[in-house]
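Engineer: Residue 198 in UniProt numbering is what sits at position 198 of the sequence shown, and the numbering runs on without skipping anything. Note that CB positions come from ideal geometry on N, CA and C, so glycine has one too. Bear in mind that the values here come from a model prediction, so they are computed numbers and not experimental data. Let me give you the structure first, and then I'll get to my questions.
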Amino acid sequence: MSQAQTPIVRLNSGVEIPQIGFGSWPVESAVVVRDAIEAGYRHIDTAAAYGNEEAVGQAVRECGLPRAELFVTTKLADDRHGYDKAIAALDESLQRLGLDQVDLCLIHWPHPRAERIVETWRAFEKIASDGKARAIGVSNFRISDLERLAAETDTLPALNQIELHPWLPQRELRAYLREHAIATEAWSPLAKGGELLTDPTIAGLAERHGKSPAQIVLAWHLRLGNIVIPKSVTPSRIRENIDIFDIRLSDEDMAAIAKLENGRRTGLDPDVFP
Ligand SMILES: NC(=O)c1ccc[n+]([C@@H]2O[C@H](COP(=O)([O-])OP(=O)(O)OC[C@H]3O[C@@H](n4cnc5c(N)ncnc54)[C@H](OP(=O)(O)O)[C@@H]3O)[C@@H](O)[C@H]2O)c1
């Protein structure tokens, strides 16, 4: 459960990210984020759209740890695509966070119909070269969006944050990301904590390993190499979700979980949104 145990993933730019982070939407309170840091999380995921960058920044600034020990991700709001708008938007995020730099800045959604991902990505390259973000990446990008960036810009995203859990393992997209050295980060890693956690396969594995269903799902992610950002406002669950590094799922366990794939989403589909 300690920070020392948290596995680290090295991104293609050389920046290191803790493999488990705290998902902060919808969390409004700096106290909850402080609880997560106290429980051992050293990576916090926020976004301009979550309206909680002030609270996240306050927790990071006031938790008593050196800034360098914490990894903070934020994301560009969907109405801030475009070169100048994206640069100004990140400055505003930094101001709300009360930080000089984020560790990772993501394009929250590709908005392909707005035709501005290339322009926005060039702004992200500038944000990185100015040192305002240590790493830059994307979220909810499909293979076609990533291919466009690869063809028309100079920098590969460090990671792609996508909906991913046993119902939606994103095999094809994960294979593409692996092949291009782009890390995979899972949002809604617990499929929002409902039905998936009462599934008999997950519940059975939980009983066999002496762990909770959520811990089994998170251990599945770690074994696939995914970075995960589970969210909870419940102190016991916040601690439980980071107490997973001793779980060893066998190949048979992984194969049983693989059978749960049904394509079900819990959030928006980038093919449909916006
Ligand atoms: N990039 C994107 O477009 C995008 C989209 C969605 C989310 N995200 C990010 O991903 C993070 C996580 O996604 P998410 O919040 O949608 O889903 P999630 O982490 O899969 O699930 C959160 C839900 O599961 C419950 N939960 C957490 N731990 C549990 C446990 N150990 N046992 C039982 N239930 C548990 C939580 O309840 P309590 O809080 O009541 O404990 C909450 O209702 C977000 O916070 C956000 O940072 C990104």
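For ligand 1, any of its heavy atoms closer than 8 Å to the Cβ of glutamate 240?
Structural biologist: Your numbering for residue 240 matches position 240 in the sequence shown. In this structure, glutamate 240 has its beta carbon less than 8 Å from a heavy atom of ligand 1.
Engineer: Compute the Euclidean distance between the alpha carbons of proline 235 and arginine 248, then round it to the nearest angstrom.
Structural biologist: The residue labelled residue 235 in the question sits at position 235 within the sequence shown. The residue labelled residue 248 in the question sits at position 248 within the sequence shown. Proline 235 and arginine 248: Cα-Cα distance of roughly 25 Å.
Engineer: Helix, strand or coil for tryptophan 187? Go by DSSP, reduced to three states.
Structural biologist: Within the sequence shown, numbered from 1, the residue matching residue 187 stands at position 187. In the structure shown, tryptophan 187 sits in a strand (DSSP, three-state: E or B).
Engineer: Using DSSP with H/G/I as helix, E/B as strand and the rest coil, what is lysine 211?
Structural biologist: For the purposes of this step, residue 211 is identified with residue 211 of the sequence shown, where counting begins at 1. In this structure, lysine 211 counts as coil in the three-state DSSP scheme.
Engineer: With a cut-off of 8 Å on the beta carbons, I'd call alanine 214 and glutamate 240 a contact; round off their distance for me.
Structural biologist: Taking the first residue of the sequence shown as 1, we reach residue 214 at position 214. Taking the first residue of the sequence shown as 1, we reach residue 240 at position 240. Between glutamate 240 and alanine 214 the Cβ distance is about 6 Å, and since that is below 8 Å, they are a contact.
Engineer: Using alpha carbons as the reference points, say which of Ile136, Arg116, Gln5 lies closest to asparagine 12.
Structural biologist: Numbered from its first residue, the sequence shown carries residue 12 at position 12. Proximity to asparagine 12 across Ile136, Arg116, Gln5 peaks at Ile136, based on C-alpha coordinates.
Engineer: Is the beta carbon of glutamate 54 closer than 9 Å to that of residue 290?
Structural biologist: Nothing about residue 290 can be read from this structure; the chain reaches only from 1 to 274.
Engineer: To the nearest angstrom, how far is it from the Cα of leucine 218 to the Cα of valine 228?
Structural biologist: Reading the sequence shown from its first residue, position 218 is the one you call residue 218. Reading the sequence shown from its first residue, position 228 is the one you call residue 228. Each residue's alpha carbon lies about 7 Å from the other.
Engineer: Just how far apart, CA to CA, sit tryptophan 220 and methionine 254?
Structural biologist: Taking the first residue of the sequence shown as 1, we reach residue 220 at position 220. Taking the first residue of the sequence shown as 1, we reach residue 254 at position 254. Approximately 7 Å between the Cα atoms of the pair.
Engineer: Quick one: give me the first and last residue of the beta strand (DSSP E) that isoleucine 136 is part of.
Structural biologist: As a position in the sequence shown, residue 136 is number 136, starting the count at 1. Per DSSP, isoleucine 136 is one residue of the beta strand (DSSP E) stretching across 133-139.
Engineer: Compute the minimum distance between the beta carbon of leucine 90 and the heavy atoms of ligand 1, and state whether it is under 8 Å.
Structural biologist: To locate residue 90, count along the sequence shown from 1; it is residue 90. No, ligand 1 has no heavy atom inside 8 Å of this Cβ.
Engineer: Quick one, which of Phe273, Ala150, Gln101 has its alpha-carbon nearest asparagine 140's?
Structural biologist: In the sequence shown, the residue the question calls residue 140 occupies position 140. Cα-wise, what sits closest to asparagine 140 is Phe273.
Engineer: Taking 9 Å as the cut-off, decide whether the C-beta atoms of threonine 74 and alanine 39 are in contact.
Structural biologist: Locating residue 74 in the sequence shown gives position 74, where the first residue counts as 1. Locating residue 39 in the sequence shown gives position 39, where the first residue counts as 1. For threonine 74 and alanine 39, no; Cβs fall outside 9 Å.
Engineer: Could you check whether the Cβ of isoleucine 87 sits closer than 9 Å to any Cβ belonging to chain B?
Structural biologist: Going by chain labels, chain B is absent from the structure shown, which holds only one protein chain.
Engineer: Comparing alpha-carbon positions, which option in Arg142, Glu125, Arg237 lies nearest leucine 177?
Structural biologist: In the sequence shown, residue 177 corresponds to position 177, counting from 1. Residue Arg142 is the option with its Cα nearest to leucine 177.
Engineer: Could you check if glutamate 207 is buried or exposed, using at least 16 other CB atoms within 10 Å of its CB as the buried criterion?
Structural biologist: On the sequence shown, residue 207 is found 207 positions in, with the first residue counted as 1. With fewer than 16 other Cβ atoms within 10 Å, it is exposed.
Engineer: Relative to the C-alpha of glutamate 16, which candidate in His43, Ile244, Pro169, Pro66 has its C-alpha closest?
Structural biologist: By 1-based counting over the sequence shown, the position of residue 16 is 16. The option with the nearest alpha carbon to glutamate 16 is His43.
Engineer: For ligand 1, is there any heavy atom lying closer than 8 Å to the beta carbon of glutamine 161?
Structural biologist: Working through the sequence shown from its first residue, we reach residue 161 at position 161. Short note on glutamine 161: C-beta closer than 8 Å to some heavy atom of ligand 1.
Engineer: Could you check how far apart the C-beta atoms of aspartate 103 and valine 72 are, in whole angstroms? I think they sit under 8 Å.
Structural biologist: Along the sequence shown, one-based indexing puts residue 103 at 103. Along the sequence shown, one-based indexing puts residue 72 at 72. Going by Cβ atoms, the distance from aspartate 103 to valine 72 rounds to 5 Å, so yes, they are a contact pair.
Engineer: Does the beta-carbon distance from tyrosine 41 to isoleucine 242 come in below 9 Å?
Structural biologist: By one-based count along the sequence shown, residue 41 stands at place 41. By one-based count along the sequence shown, residue 242 stands at place 242. For tyrosine 41 and isoleucine 242, yes; Cβs fall inside 9 Å.
Engineer: I need the straight-line Cα distance from phenylalanine 22 to valine 33, nearest angstrom please.
Structural biologist: Taking the sequence shown and counting its residues from 1, one reaches residue 22 at position 22. Taking the sequence shown and counting its residues from 1, one reaches residue 33 at position 33. Each residue's alpha carbon lies about 8 Å from the other.
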